[in-house]
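Asks:
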Amino acid sequence: MYKTLLSLLSIGMLLTACSNTGIEDISHTVDEQTKQIEAIEEVNQEHIQDNYTEVITDVKKEELIQTTEILDAVAANNIEKVKQLVQQTINIDIQNDKGETALLIATHLNYVELAKLLIEHGANVNIQDKKQDSPFLYASAEGRTEILKFMLAYDIDTAILNRFGGTGLIPAAEKGHLENVQLLLADGRTAIDHMNNSGWTALLEAIVLSDGDQVQQAIVKELLVYGADPNKADARGVTPLQHAKKKGYINIVRLLEAAGAK
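In mature numbering (1 follows the signal peptide of the UniProt record, and there is no 0), the protein residues as written are -19 to -1, 1 to 243.
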């Protein structure tokens, strides 16, 4: 039916061309109309393919087995059971009543092998629970270094924030997780000067909410090396240098001044 309509359209265009332009221009007109018909066919085929892809995707989603077995298996650190389940067409990202996925549970418990297994089989590192923790945010903030390192090879979403409006880098810097800070900075996808709801950046929290020890000094140094703004003040207008001086963190003061802090 579609091809018949196109043929009739072509004949109609050709007759119009004959009456308007004369026999000598028919060849040129036919070429032009043929190109137009081919363009219409191409668009139509693309539309059909898009619709087909959407239908197939929806069918695949409906075919996923909705089972919480995987949540229980991960919580029990039952690697063999999880291996069996991920080979099936289950919803690997099914959530419990707290909004936790199997991957988030594995990250909470620092079950590195299980976390890697789940990620390799498509577990989403960005799904947040009811407390707004995602596997990626939790691994960053709580020193789950091996899991974080593995996650960074996958599609992380650094636009997703925790319940404090912060990135994973901010609590990592505050809590002294030096290696996590280094991993996130080297990865480069996390905004280094992002300010959370309390008005703190990673640099500010590394100073204000710490004891200024050698680990915190190393974190401050790493942040400055990667371009953290040494003069970005908190929500009250107090700069990192002013905070460091007030707390008597002489070594951090030196690091900030060497980076151009005022």
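Where is the CB? At the ideal position from N, CA and C, for every residue including glycine.
For the pair the segment 187 to 200 and the segment 165 to 176, tell me if three or more CB-CB distances fall below 8 Å.
Replies: Short answer: they don't touch.
Asks: Quick one: give me the first and last residue of the alpha helix (DSSP H) that Ile151 is part of.
Replies: Per DSSP, Ile151 belongs to the alpha helix (DSSP H) from 150 to 155.
Asks: Is it the case that the segment 131 to 145 contacts the segment 153 to 160, given that we only count it when at least three CB pairs across the two stretches are under 8 Å?
Replies: No contact exists between the segment 153 to 160 and the segment 131 to 145.
Asks: Which partner residues of residue 273 appear in the DSSP bridge assignment?
Replies: This structure cannot settle anything about residue 273, because the visible part of the chain is limited to -19 through 243.
Asks: Give a single yes or no on whether Thr126 has its beta carbon closer than 7 Å to a heavy atom of the ligand GTP.
Replies: The ligand content of the structure shown is nil, which means the ligand GTP is not present either.
Asks: Since I believe Ile73 is in contact with Ala104 (beta carbons under 8 Å), could you give me their beta-carbon distance rounded to a whole number of angstroms?
Replies: At roughly 5 Å, the Cβ-Cβ gap stays under 8 Å, so Ala104 and Ile73 are in contact.
Asks: Nearest to Ile231 by alpha carbon, out of Glu203, Asn212, Gly146, Gln198?
Replies: Per the Cα distances, Gln198.
Asks: Between which two residues does the alpha helix (DSSP H) holding Phe131 run?
Replies: Phe131 -> alpha helix (DSSP H) spans 126 to 132.
Asks: Got a sec, what are the start and stop residues for the alpha helix (DSSP H) Asp168 sits in?
Replies: It spans 159 to 168 - the alpha helix (DSSP H) in which Asp168 sits, taken as one unbroken run.
Asks: Ile86 and Val106: beta carbons closer than 8 Å?
Replies: Going by C-beta atoms, Ile86 is not nearer than 8 Å to Val106.
Asks: Write down every uninterrupted run of the beta strand (DSSP E) in the segment 172 to 209 whose length is 3 residues or greater and which is fully enclosed by it, in chain order.
Replies: Counting whole runs of 3 or more residues, the segment 172 to 209 contains no beta strand (DSSP E) stretch at all.
Asks: Looking only at its chain, what residues have a beta carbon closer than 7 Å to the beta carbon of residue 272, apart from the 5 residues adjacent to it on each side?
Replies: Since the first residue shown for the chain is -19 and the last is 243, residue 272 is missing from the structure and cannot be characterised.
Asks: Strictly by DSSP, which residues pair up with Ile71?
Replies: Its beta-bridge partners are Ile46.
Asks: Taking the alpha carbon of Gly124 as the point to measure from, which residue in Asn91, Asp110, Ala96 has its own alpha carbon closest?
Replies: The shortest C-alpha separation from Gly124 is found at Asn91.
Asks: Is DSSP giving Thr220 helix, strand or coil here?
Replies: Reduced to three states, the DSSP call for Thr220 is coil.
Asks: Taking Cβ to Cβ, would you say Phe46 is nearer than 8 Å to Thr82?
Replies: The identity of residue 46 in the sequence shown is Ile, whereas the question assumes Phe. No, they are not a contact pair.
Asks: For the alpha helix (DSSP H) holding Arg235, just list the boundary residues, first then last.
Replies: Segment 231 to 239, the alpha helix (DSSP H) holding Arg235.
Asks: Looking at C-alpha atoms only, which residue of Asp114, Asp110, Val63 is the closest neighbour of Ala96?
Replies: Nearest C-alpha to Ala96: Val63.
Asks: Given this structure, state the Cα-to-Cα distance separating Ile60 from Leu236, to the nearest angstrom.
Replies: Those two C-alpha atoms are separated by around 46 Å.
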